[in-house]
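Numbering (our numbering), first residue to last: 1 to 161.
Idealized CB from N, CA, C, for every residue including glycine.
All remarks here apply to the structure that follows.
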């Protein structure tokens with residue numbers, strides 16, 4: 001079992017990694033940020049096992065990164081929404097997206113682009129609109145398909161034939 005205390009180590013980073021350092025956790029946050037709020041939508045988007053998703057969602061709710069809201073009573077069904085604490089992960093996600101696109105690029109281009117809702121400009125890895133220069137938050141931007149997404153769809157269709 002790994003230790004959960006880190007004597008002599010930068011405690012803020014270690015504490016953050018205890019909460020969101022497991023890969024599924026950040027991917028779930030990203031998926032909810034992109035509008036997939038129901039269990040089935042999240043599972044389908046990520047291809048994650050139901051038991052793993054259930055466990056990670058509960059941890060993110062317990063850590064107040066996500067809020068669970070009922071949308072059906074019979075049977076009980078929930079949607080997940082980002083709290084302010086969850087929304088505050090946006091700069092980290094944008095930086096990771098940018099880093100991944102730079103150092104592990106898709107040959108056909110990025111599959112996802114983050115753009116400024118107001119002017120349509122591409123968002124930099126620092127969360128700044130490259131068109132108007134505005135510093136953005138999660139609520140100021142949206143995800144759109146990039147050139148790599150179209151190429152992946154064509155490749156998947158060809159493989160299915």
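N-terminal and C-terminal residue of the alpha helix (DSSP H) that residue i is part of
{"i": "residue 13", "result": "11–20"}
{"i": "residue 42", "result": "39–46"}
{"i": "residue 36", "result": "Here residue 36 belongs to no alpha helix (DSSP H), and DSSP marks it neither H nor E."}
Cβ-Cβ separation, residue j to residue i (assumed contact under 8 Å), whole Å
{"i": "residue 94", "j": "residue 121", "result": "About 14 Å; that fails the 8 Å criterion."}
{"i": "residue 110", "j": "residue 86", "result": "In fact, because the Cβ distance is near 23 Å, the residues do not count as touching under 8 Å."}
{"i": "residue 57", "j": "residue 66", "result": "7 Å"}
{"i": "residue 189", "j": "residue 97", "result": "Outside the displayed span of the chain (1 to 161) sits residue 189, for which this structure offers no information."}
{"i": "residue 20", "j": "residue 89", "result": "7 Å"}
{"i": "residue 71", "j": "residue 79", "result": "5 Å"}
Cα-Cα separation between residue i and residue j, rounded to whole angstroms
{"i": "residue 124", "j": "residue 131", "result": "10 Å"}
{"i": "residue 11", "j": "residue 104", "result": "29 Å"}
{"i": "residue 1", "j": "residue 14", "result": "Bear in mind that a pLDDT of 43 at residue 1, under 50, signals an unreliable position, so the model cannot answer this."}
{"i": "residue 114", "j": "residue 53", "result": "25 Å"}
{"i": "residue 38", "j": "residue 91", "result": "24 Å"}
{"i": "residue 129", "j": "residue 138", "result": "12 Å"}
{"i": "residue 160", "j": "residue 16", "result": "41 Å"}
{"i": "residue 83", "j": "residue 116", "result": "21 Å"}
{"i": "residue 101", "j": "residue 75", "result": "41 Å"}
{"i": "residue 31", "j": "residue 119", "result": "23 Å"}
{"i": "residue 36", "j": "residue 44", "result": "10 Å"}
{"i": "residue 73", "j": "residue 60", "result": "22 Å"}
Top-ranked residue by Cα proximity to residue i, from the options
{"i": "residue 28", "options": "109, 50, 137", "result": "50"}
{"i": "residue 48", "options": "25, 116, 115, 97", "result": "25"}
{"i": "residue 69", "options": "60, 62, 59, 81", "result": "81"}
{"i": "residue 34", "options": "142, 159, 160", "result": "142"}
{"i": "residue 107", "options": "32, 62, 149", "result": "149"}
Start-to-end residues for the beta strand (DSSP E) that takes in residue i
{"i": "residue 67", "result": "66–73"}
{"i": "residue 79", "result": "76–82"}
Which runs of the alpha helix (DSSP H) fall wholly inside the region 84–150 and span at least 4 residues, in chain order? 84–87, 90–103
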